[in-house]
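Chains as they are written, first to last, in this note's numbering: chain A, 1 to 308; chain B, 309 to 597; chain C, 598 to 851. Every residue gets a Cβ at the ideal spot worked out from N, C-alpha and C, and that includes glycine. To keep things clear, I will list the structure first and then write my remarks on it.
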Amino acid sequence: MARLLETWISQERMERFMYYFQMLLNGLSLGAIYAIIALGFTLIYSILKFSNFSHGGIMVVCAYFAYVIQRRYNLNFGMMMLITAAFGAVLACIVQYIGFENLRAKRSNIMLFFVSSSTLGILLQNIIVITFSSTYYAYPAFFTPPFIDVNGFTFSVSDMIMLGISAVVILGLMFLLYRTRLGIAIRALSMDGDTVKLMGINVSVVVALTFMVSGALAAVAGIFCGVNYILYPQLNQLVFKGMIASILGGLGNISGALYGGIMLGVLEVCFNNAFGAGLVPVFSFVFSMIFLLVRPQGIAGKYVLDKV
Amino acid sequence: MSYYSAVMTSAIVNIIAILSMYTLMGLTGIFSMGQAAFMCVGAYATGMLAIHSHLPMAVIVVLSILAGMVCALLVGFPVVKLRRDYIAMITMGFGEAIVALLNNMSNITGGANGINNIPRKMTLWLGVIILALILVITMNFKRSKYGRYCIAVKNDELSAAAMGINVARVKLTAFVFASGITALAGSLLAYTTTYVEPTAFGFTKSIDWISFVFVGGVNSLTGTLLSGMIFCTLPEILRFADMYRIIAQCAIVLLVVNFLPNGLFGEHEFTDAIAAIRKAAKNRKRGNL
Amino acid sequence: MNILEVKELSIRFGGVKAVQDVSLSVKTDSITSIIGPNGAGKTTFFNLISGVYAPTSGQILFDGQDITGLKQHQISLLGISRTFQNIRLFNQLSILENVQSAMDARATYNLLDSIMTTPKKRRIDRENREKSLEYLRLVGLEKNGQDKPGSLPYGMQRKVELARALASEPKLLLLDEPAAGLNPTEVEEFIRLIHKIKETFHISILLIEHRLQVVHTLSDMIYVLNFGQLLAHGTSREIIENRDVVAAYMGEDD
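Below, the structure written as structure tokens:
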């Protein structure tokens, strides 16, 4: 028996297992980043029903902000994240005020929200271009050693730490949404804005607070992107990964955003290993087309019709 | 080609692209964030055909337009039945996929270097003629049942369907029609600049077009044309640094969104003014009699 | 001869049975009303007939043809037109264009005709515009054709919606609370208008209302819905004398 087991766990099988395990871990950590982007994106979608492209702009500004404060005050990773998250919350609040407060008050057409949010995204991106120019920056190496070695397979420490932090952040968000009064208000708002108003909840305050939560998530996502790639102004466009993730998961559905993000991350790593990095967007695109044909409502979502 | 006529020619090419965005975003309310990808398709189709074949320019342009329309049909088909957000996402994904594909198929497309030495066959006057043609076509589109379909679909999909309008088909028609024009702009771009490269067609460009249409005015072709003319020529002539141009542009769009939600021209057209003047003249004549 | 024949129609949203085993028929050239308290499933029933939702079970026959599960625009093209409880006009089209949009969906010119403005396109568009103006004249709004719907008061917007629904030349007209928000004089005027429409176009009308007073002079047949189920049906006299209906409306007194 022991002999059988020994031959079964041969060196070759072990290697193959480690290879897939490594791939899965890479996929999960990438997926966690996408999930956090998608969660921030979906939060706004669920209450205001528009795709908030300014989320990417907030991400990129936060990523640079983290770089600056880290350099100046020589902060550790945790402090840097906390301060940046607070900054992201404030920034999102400002963005909300400039971009959407007025439109909400006037109950404007959804197109205006689209235009406003994508303009703000571009604006924030270009503020970064002007301040830092288009050159690349990188965070210092926070984690030493950067890799650990198991049987000749390397695992990135930062990947695993980010995966851990993501789990904490996501659990925190779920707690916020399902166990606190603010969370109840946000979920009620996502179902029926007019009724919430009638029930004496101050909608503007809830919207502002939701933007703050989403801003903090954007900050975390921005830092992760900076750690995972490098800092450059076009990090803004990673908001589309969040958008794809939340659509695959089911637009406007919080847990759907989580599943969609992880699925997209794992898929991208698979595509990357199978076809090379250059062709990943092609296969992601083809995949999402087919997915939408087969299951347009997403993994978890229900496809909601307009109310008659 | 003198400096100014070169600036004008490339401005005209851009205005044609913006007119395509007018049909999509202005009339139908389709938020296509990857529309520039169809310009890319048109430009590459032209580039490859011009280098590798001996077809005359007119044939190549028509083939490029068809290429754009076929792509739009394929991309649009799965998403026109869904909410608008899906179209934004899928067009964006298409944009990224096209760039990745072009970069990776370097034996045909030249990879990151793109295609060079395309013959320069665009002239200012040819540009003016084509622009006029596209203007007339778009105007006619707007004034036909299709224009009314598009606005109806933008205003209220459910109500439009109840009137017997096939909403998904209208969206697909508008998308394919507009993408044909975008591909035409791409084809002309290739003949103007003599080279194409994959990076020139990012989503910033699509967003630019959307904001021009939007600043111009709701459903106003005149507004789109004028804002396109201003935004495409002024920065070149004033030699703005690109990043300050974008900041200024964003500020203008945000101001319009907040304070002039119908855009500069609202829903008015140039032809409305003419009609009003005619009517006034007629009334005056009647008064004299 | 029945223009509409609905057999045991049901729809469920999650666990909620919004409409349950409702059977109903509308005679050709008649006015049939559905009444019932708020939340009785009246609008949902309309949405089922006009194809917004597909029913969970049951069958809808229109003019002898099975239309169960067809799409909204297909049903409209077959000859069922509707208005909405909360008016849904196209805000960026003029009032005339709103009415014309219903005819556009039946216009026979194609995209090429449109972009080249062929004589065929011009002729069809001109004819449709004139016909639309006729419909506006019928509801008394021919002078407002060039305005936007938003510039009109509520009651008049309802009339525009009615004209738009008529413009699709339906065989069956579904009116969803057409008298909601109208004052007593307007209601009387509205009742006259409905009679006039029925006589001019010889169409069948199915209308929803929650006030019995409005429909009892108007209707040939009344159906009463409550909690998604059919409570009673009959002529207006039968309905007024029906104890179940009185109970549903007044609460059980005795």
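- When C-beta atoms of the region 362 to 376 of chain B are compared with those of the region 148 to 164 of chain A, fewer than three pairs fall below 8 Å, so the two segments do not count as touching.
- Under DSSP, Asn599(C) takes part in a beta bridge, and its partners are Lys624(C).
- For Thr532(B), no CB of chain A lies under 8 Å from its own CB, so it is not counted at the interface with that chain.
- Within chain B, the residues Val565, Asn566 and Pro569 have their CB atoms less than 9 Å from the CB of Leu103(A), given in chain order.
- If you look at Asn823(C), you'll find it in the beta strand (DSSP E) that goes Met818 to Asn823.
- Annotated three-state conformation of Ser729(C) is helix, per DSSP.
- Among the residues facing chain C, Gly525(B) is not included, as its CB has no counterpart in that chain under 8 Å away.
- Taking a Cβ-Cβ threshold of 7 Å, the residues of chain B close to Asn688(C) are Asn463, in chain order.
- Interface criterion not met: the Cβ of Ala583(B) is under 8 Å from no Cβ in chain C.
- In this model, Ile794(C) and Val475(B) are separated by some 29 Å (Cα to Cα).
- The three-state secondary structure of Glu605(C), taken from DSSP, is strand.
- Judged by pairs of C-beta atoms under 8 Å, the region 466 to 482 of chain B does not touch the region 317 to 329 of chain B, as fewer than three such pairs exist.
- Distance from the CA of Tyr45(A) to the CA of Met551(B), rounded to the nearest whole angstrom, comes to 30 Å.
- In this structure, Ile426(B) is the residue among Ile426(B), Ala556(B) and Pro386(B) with its C-alpha nearest to the C-alpha of Gly494(B).
- With 16 or more other CB atoms across the displayed protein chains lying within 10 angstroms of its CB, Gly256(A) is buried.
- Around Gln96(A), the same chain offers Val207, Ala208 and Phe211 as residues with beta carbons nearer than 8 Å, after the five sequence neighbours per side are excluded.
- Given a length threshold of 4 residues, each whole run of the alpha helix (DSSP H) inside the region 610 to 687 of chain C is given here in chain order: 639 to 646 and 669 to 675.
- The Cβ atoms of Ile244(A) and Met397(B) sit closer than 8 Å to each other.
- Here DSSP, grouped into helix, strand and coil, assigns His830(C) to strand.
- If you ignore the 5 residues before and after Ala375(B), its C-beta comes within less than 8 Å of the C-beta of Val349, Gly350, Ala353 and Ala491, all in its own chain and listed in chain order.
- Among the CB atoms of chain B, one or more fall inside 8 Å of the CB of Thr714(C).
- If you check each beta-carbon in the region 80 to 102 of chain A against every beta-carbon of chain B, the ones closer than 8 Å belong to Ile98, Gly99 and Asn102.
- For Gly422(B), no chain A residue has a C-beta closer than 8 Å to its own C-beta; the minimum C-beta separation is roughly 16 Å.
- For the set Thr431(B), Arg477(B), Ala319(B) and Ile585(B), the Cα lying nearest the Cα of Leu390(B) is the one of Arg477(B).
- Proximity of Leu466(B) to chain C, defined by a Cβ-Cβ separation below 8 Å, is satisfied.
- Residue-level contact by beta carbon holds for Phe522(B) and chain A, with a gap shorter than 8 Å.
- The continuous alpha helix (DSSP H) containing Thr417(B) extends over residues Ser414 to Thr417.
- Ile148(A) is bridged by DSSP to Phe155(A).
- Residue contact check for Ser519(B) against chain A: a CB pair falls below 8 Å.
- For Ser801(C), the enclosing beta strand (DSSP E) begins and ends at Ser801 to Glu806.
- Unbroken beta strand (DSSP E) runs of no fewer than 3 residues, entirely contained in the region 754 to 806 of chain C, are found at 769 to 773 and 801 to 806, following chain order.
- Counting only Cβ-Cβ distances below 7 Å, Glu694(C) has contacts in chain B at Arg456, in chain order.
- Interface annotation, Asn591(B): not in contact with chain A, CB-CB separation never under 8 Å.
- The Cβ atoms of Ser678(C) and Leu770(C) lie closer than 8 Å to each other.
- When CB distances to chain B are screened at a threshold of 8 Å, the residues of the region 235 to 256 of chain A falling below it are Gln237, Phe240, Met243, Ile244, Ile247 and Leu251, in chain order.
- Residue state for Val436(B) is assigned as helix, using DSSP reduced to three classes.
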